[in-house]
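Input: a single structure, listed below in structure tokens.
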Amino acid sequence: MQLTDLNAKLEKPDFWKNQAEAQELMRNRTKIETSLNRYNEINEEFSDAIALVELAEEEDDNATYEEAESLLSSLKKVVKTLELESLLSGEADTNNCYLEVHAGAGGTEAQDWAEMLVRMYSRWADSHQYALEWVEESPGEEAGIKSATICIKGLNAYGWLKTESGVHRLVRISPFDSSSRRHTSFASIWVYPVVDDEVEVDIQEKDLRIDTYRASGAGGQHVNRTDSAVRITHIPTGIVVQCQAERSQHRNRSAAMSMLRARLYEKELQRREDELNALNEQKAEIGWGHQIRSYVLQPYQLVKDLRTNYEHTNPQVVLDGDLDEFMAAALSQRIGVITSN
0 MQLTDLNAKL EKPDFWKNQA EAQELMRNRT KIETSLNRYN EINEEFSDAI
50 ALVELAEEED DNATYEEAES LLSSLKKVVK TLELESLLSG EADTNNCYLE
100 VHAGAGGTEA QDWAEMLVRM YSRWADSHQY ALEWVEESPG EEAGIKSATI
150 CIKGLNAYGW LKTESGVHRL VRISPFDSSS RRHTSFASIW VYPVVDDEVE
200 VDIQEKDLRI DTYRASGAGG QHVNRTDSAV RITHIPTGIV VQCQAERSQH
250 RNRSAAMSML RARLYEKELQ RREDELNALN EQKAEIGWGH QIRSYVLQPY
300 QLVKDLRTNY EHTNPQVVLD GDLDEFMAAA LSQRIGVITS N
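The sequence shown runs 0 to 340 under numbering that gives the first Met the number 0.
Right under this line is the structure:
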């Protein structure tokens, strides 16, 4: 009934007169349609599993039993994820988000690790049919990247990815070390929601330092030959954002200001959460001594989240974007939900 009412409103000739209201209705329709589609898919797969069980009983076929068991196990994971997703009730959980990656100390090693993380999150976004938009990229001197910012667009993008903010640690045999020694590298992830113009964020012009510079990443001859890239520093908080995705300095400045508003908004959301969170003392400050996850490739194979203790023994699968279980465990802890394996 709710979807029918929304579709009726969307068909009205004056629907787009109020842009903000129209966009909110569109978001609501997308959310409802996505939920309905997921429900129908789960219902169909459950019916298939029941049919397989009945067929296995008729034919006393162990292979068919195993197929049904595999399908039900897969459905259990999907339902568990949807249960968590239904609890994404934070103020900005349904929003698109920015994801920033910054290489830690360590030169080429850390910069290569930062690029691996960008690839990992890009793969994760692709697997969820989320759209990606590159905002900024600063390449390393020899390999990898010093930093990058991507915008991930899709329902609940921020709700899922907000638990990924923190320091990520890699242990491996270095491909850049001629002696094949083991190296430890660090890179930080920062996730914050995209906010629309309806959200009020007080930014004073006197609190900003705006610098322009020549874009250093891909973008064509025009971008690389002009000072079109923009970096904005919010002096009171020390927050720095930058954009070089557009050829126009004006557009890059506008995009950077949107990112700054988003960062300040996220900071306010975090402040509110900290005030209400009874487990606040268990949270570590995001810093180089407080990594949230370790990815060990040598001398053994293991990815471990240090907040939830969730582990995966196949790092390559994780680095290819299989992050759902890590996110679900962190989200469960964050919202106080106890889940069973």
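Positions of the beta carbon are idealized from the N, C-alpha and C atoms, including for glycine.
If I measure Cβ to Cβ from residue i and keep anything under 6 Å in the same chain, skipping five residues before and after, which residues do I get?
i, result
"leucine 296", "Arg171, Pro314"
"alanine 124", "Leu131, Ile151"
"valine 200", "Arg260, Leu263, Tyr264"
Excluding the five sequence neighbours on either side, which residues of its own chain have a C-beta within less than 8 Å of the C-beta of residue i, listed in chain order?
i, result
"valine 317", "Met119, Tyr294, Val302, His311, Phe325"
"isoleucine 202", "His233, Met256, Leu259, Arg260, Leu263"
"leucine 2", "Arg28, Ile31, Glu32, Leu35"
"serine 372", "Here the chain has residues from 0 to 340 only, and residue 372 is not among them."
"leucine 5", "Leu24, Asn27, Arg28, Ile31"
"leucine 74", "Ile41, Glu44, Phe45, Ala48"
Apart from the five residues on each side of it in sequence, which residues of its chain come closer than 7 Å, Cβ to Cβ, to residue i?
i, result
"glutamate 66", "Leu51"
"arginine 306", "Ile291, Ala329, Gln332"
"alanine 186", "Val100, His101, Ala102, Gly103, Ala109, Trp112, Ala113, Leu116, His167"
"histidine 127", "Gly153"
"tyrosine 129", "Ile151, Lys152, Gly153, Ala156"
"tyrosine 309", "Glu324, Phe325, Ala328"
Taking the alpha carbon of residue i as the reference point, which residue from the options has its own alpha carbon closest?
i, options, result
"threonine 107", "His101, Glu99, Asn95, Glu140", "Glu140"
"serine 72", "Ala214, Ile41, Ala261", "Ile41"
"threonine 63", "Val78, Asp47, Lys76", "Asp47"
"leucine 207", "Trp189, His182, Val239", "Val239"
"serine 179", "Pro298, Gln241, Ala142, Asp92", "Pro298"
"asparagine 251", "Ala7, Asp304, Trp133", "Trp133"
"glutamate 136", "Asn6, Leu24, Glu245", "Glu245"
"glutamate 43", "Glu265, Pro174, Leu70, Gln300", "Leu70"
"glutamate 82", "Cys96, Arg37, Glu57", "Arg37"
"valine 175", "Ile49, Ala254, Glu68, Gly105", "The residue you asked about is not valine; residue 175 is phenylalanine in the sequence shown. Answer by Cα proximity: Gly105."
"lysine 266", "Ser253, Gly237, Asp59, Ala254", "Gly237"
"lysine 76", "Asn61, Cys96, Phe45, Ile49", "Phe45"
"isoleucine 209", "Gly89, Leu9, Tyr309, Gln241", "Gln241"
"tyrosine 97", "Tyr212, Ser253, Pro192", "Pro192"
"lysine 205", "Ile231, Tyr212, His182", "Ile231"
If you count every other CB in all the chains shown that lies within 10 Å of the CB of residue i, and 16 or more means buried, which is it?
i, result
"tyrosine 157", "buried"
"asparagine 94", "buried"
"isoleucine 144", "buried"
"proline 235", "exposed"
"isoleucine 249", "Checking the sequence, you will find histidine at residue 249 rather than isoleucine. The residue is exposed, with fewer than 16 neighbouring Cβ atoms inside 10 Å."
"glutamine 18", "exposed"
"isoleucine 188", "buried"
"serine 177", "exposed"
Write down the C-beta distance between residue i and residue j rounded to the nearest angstrom, noting that I regard them as a contact closer than 8 Å.
i, j, result
"threonine 148", "glutamate 99", "5 Å"
"leucine 268", "alanine 55", "Contact flag wrong, Cβ pair sits at about 50 Å."
"asparagine 155", "glutamate 53", "Between glutamate 53 and asparagine 155 the Cβ distance is about 36 Å, and since that is not below 8 Å, they are no contact."
"valine 190", "serine 164", "5 Å"
"phenylalanine 14", "alanine 21", "6 Å"
"leucine 169", "serine 184", "5 Å"
"aspartate 323", "threonine 80", "6 Å"
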